[in-house]
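What follows is one structure encoded as structure tokens, with my remarks underneath.
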Amino acid sequence: MTRWVVHLDLDAFYASVEQLTRPTLRGRAVVVGGTGPRGVVAGASYESREYGARSAMPMSQARRLLPPGAVVLPPRFRLYETLSKQVFDIVADVAPVLERISLDEAFAEPPSLAGAPVAEVTRFAEELRARIRAETGLTASIGAGTGKQVAKIGSDRAKPDGLLVVPPGTEREFLAPLPVRALWGIGPVAEAKLRTIGVLTLGELAALSEPDAVATLGGVVGRELRKLAGGTDDRPVAERGEAKQVSAETTFDVDIVDLTRLRAEVRKIAAGAHSRLVKAGRVARTVVIKLRHTDMSTVTRSETTASPTDDLNQLAATAERLLLDPQEFGGVRLVGVAFSGLSVPHQDALFTLAVPGTSAEPVVAVVPSPGGSAPVSSSGWRPGDDVVHPEFGTGWVQGAGHGRVTVRFETRTSGPGVAKTFEQTDPALTRGDPQDCLE
1 MTRWVVHLDL
11 DAFYASVEQL
21 TRPTLRGRAV
31 VVGGTGPRGV
41 VAGASYESRE
51 YGARSAMPMS
61 QARRLLPPGA
71 VVLPPRFRLY
81 ETLSKQVFDI
91 VADVAPVLER
101 ISLDEAFAEP
111 PSLAGAPVAE
121 VTRFAEELRA
131 RIRAETGLTA
141 SIGAGTGKQV
151 AKIGSDRAKP
161 DGLLVVPPGT
171 EREFLAPLPV
181 RALWGIGPVA
191 EAKLRTIGVL
201 TLGELAALSE
211 PDAVATLGGV
221 VGRELRKLAG
231 GTDDRPVAER
241 GEAKQVSAET
251 TFDVDIVDLT
261 RLRAEVRKIA
271 AGAHSRLVKA
281 GRVARTVVIK
291 LRHTDMSTVT
301 RSETTASPTD
311 DLNQLAATAE
321 RLLLDPQEFG
331 GVRLVGVAFS
341 GLSVPHQDAL
351 FTLAVPGTSA
361 EPVVAVVPSP
371 GGSAPVSSSG
381 WRPGDDVVHP
391 EFGTGWVQGA
401 GHGRVTVRFE
411 TRTSGPGVAK
421 TFEQTDPALT
431 RGDPQDCLE
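Going by our numbering, the letters in the sequence shown line up with residues 1 to 439, in that order.
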């Protein structure tokens with residue numbers, strides 16, 4: 001019977017949650033992340049993407065691209081986790097086994113679709129998307145195919161708010177024109193190796209002989225990627241436990257024998273692991289490095305900090321301290337960097353989301369204008385903070401400074417709310433829980 005794998009991806013998840021729970025922001029350019037010249041974008045709404053803003057971009061660059069009136073907000077990961085659970089509880093009703101990739105995406109292999117025709121799969125996915133929208137207010141894009149790779153690429157191409165079902169037997173045709181980087185497992189190094197032999201698309205990779213694929217990419221990896229590029233993917237959908245670490249590693253074409261270059265490479269690898277840490281909405285306490293010697297022997301070293309952090313500068317500096325000098329250790333064939341001891345930030349507003357090579361600062365939400373940023377009030381109120389008022393209810397700080405704080409009172413179901421300005425020291429204003437806005 002035909003196997004059907006579904007990949008569900010919530011559209012612009014972080015920014016969409018902010019627009020959902022703060023209705024005044026709907027239809028506006030919104031980015032989530034750190035502010036100022038040292039922040040990085042964690043999520044961008046589709047309205048902000050029209051101006052070129054995107055995830056992992058330095059916030060200083062995003063703010064230059066965004067128009068006046070665009071909104072930059074601190075992340076609220078506890079809220080994102082709550083809504084993520086609501087969505088995937090819905091999916092679990094029709095697909096008991098879920099392979100969660102992150103807060104906003106997962107694979108499923110619904111038992112009811114085994115052997116189903118394309119029309120039935122399409123109807124299933126549309127009903128699931130409609131139920132998610134009705135019960136949570138969020139939009140999801142879905143890709144469906146006979147394997148995980150095709151389903152994942154299908155959901156990417158269906159975005160935003162779309163559905164793409166790849167009929168059985170058309171997988172190779174569907175994948176053929178795509179660049180090789182569209183395939184999971186092909187990064188910059190593998191892409192460069194394939195380019196040297198003239199392979200730029202998945203169709204060209206699938207057409208390679210197995211010996212050529214193995215000679216270019218290595219034994220197991222070469223065979224697996226060639227098979228996936230041709231649309232053959234029998235990897236199971238299986239539940240994942242809570243991630244214990246995030247990591248990245250690189251194998252070098254030529255062994256590194258210089259400590260200065262090794263440090264530079266480690267910082268780049270640490271940045272790759274850090275991007276996964278940010279996507280997972282976690283902070284880490286332990287840094288681990290792995291060094292593989294020319295003779296294939298491997299050394300692993302680690303260091304645990306006093307408190308968890310997501311500050312890339314701190315994490316990368318720790319990784320550099322753990323390095324061994326190649327002049328003493330010998331040539332280095334592979335380097336890996338992992339962050340473990342993961343946890344959810346206790347204070348979302350202090351999630352630093354810092355870019356490489358800089359010191360971290362607390363996240364502050366701003367409504368940017370050319371060359372300007374929002375002040376932080378002396379009382380501690382910052383734009384983006386959640387607020388509760390005994391008369392007006394739940395709201396969020398739109399602006400603070402000059403002895404006053406402006407609060408927009410609204411929730412997920414209220415529609416655009418009214419804005420009211422108070423003295424910063426008004427005792428009626430108390431800090432709210434991010435999840436209050438769901439009521």
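Here a beta-carbon is modelled for each residue, glycine too, at the ideal position from N, C-alpha and C.
All of these numbers come straight from a predicted model, not from anything done at the bench.
> Given a threshold of 16 other Cβ atoms within 10 Å of its Cβ, counted over all protein chains shown, does R254 qualify as buried or as exposed?
Replying inline: The question names Arg, but residue 254 in the sequence shown is Val. By the 10 Å Cβ count, V254 comes out exposed.
> How many Å lie between V257 and T251 at the Cα?
Replying inline: 14 Å
>> Quick check on G52: buried or exposed, where buried means 16 or more other Cβ atoms within 10 Å of its Cβ?
In response: exposed
> Looking at the unbroken alpha helix (DSSP H) that takes in P308, where does it start and where does it end?
Replying inline: Where P308 is concerned, there is no enclosing alpha helix (DSSP H), although the beta strand (DSSP E) it sits in stretches over 298-309.
> Which one of L183, V214, W184, G185 has the shortest CA to CA distance from I197?
Replying inline: V214
> Residues in its own chain within less than 8 Å of E135 by CB, not counting five upstream and five downstream?
Replying inline: Q86, I90
>> Going by beta-carbon coordinates alone, are L128 and L183 separated by less than 8 Å?
In response: no
> What did DSSP end up calling G219 once you bin it into helix, strand or coil?
Replying inline: helix
>> Once DSSP output is grouped into helix, strand and coil, what is the label at D234?
In response: coil
> At which residue ranges does the region 1-80 contain complete alpha helix (DSSP H) runs of 4 or more residues, listed in the order of the chain?
Replying inline: 13-21, 46-49, 59-65
> Out of curiosity, what's the CA-to-CA distance linking V166 and F107?
Replying inline: 15 Å
>> Using only the alpha-carbon positions, how far apart do I289 and G336 sit?
In response: 6 Å
>> Measuring straight from C-alpha to C-alpha, what distance separates Y202 and R3?
In response: Note that residue 202 is Leu in the sequence shown, not Tyr. Distance between the alpha carbons of L202 and R3: 22 Å.
> Under 8 Å, do A316 and A270 count as touching if we go by C-beta distance?
Replying inline: yes
> In the structure shown, what three-state DSSP assignment does P370 receive?
Replying inline: Annotation note: pLDDT 34 at P370 (below 50); position unreliable, no value reported.
> Along the chain, which unbroken stretches of the alpha helix (DSSP H) at least 4 residues long are found entirely within the region 150-213?
Replying inline: 171-175, 188-196, 202-207
>> With the cut-off set at 8 Å, would you say S343 and R282 are in Cβ contact?
In response: yes
> Cα-Cα, which of L10, M1, G39 is closest to A116?
Replying inline: M1
> Among all the DSSP beta bridges, which residues are the ones paired with Q245?
Replying inline: S340
> With burial defined as no fewer than 16 other Cβ atoms inside 10 Å of the residue's Cβ, what is the status of H274: buried or exposed?
Replying inline: buried
>> Taking the alpha-carbon of L324 as reference, which of T304, R292, V30, D310 has the nearest alpha-carbon?
In response: R292
>> Quick check on this structure: which residue in E204, L175, P326, A284 has the alpha carbon closest to the alpha carbon of F339?
In response: A284
>> Once DSSP output is grouped into helix, strand and coil, what is the label at A144?
In response: strand
>> Between G384 and V397, how many whole angstroms is the CB-CB distance? I'm expecting something under 8 Å.
In response: 6 Å
> For D295, is the classification buried or exposed, using 16 other Cβ atoms within 10 angstroms of its Cβ as the cut-off for buried?
Replying inline: exposed
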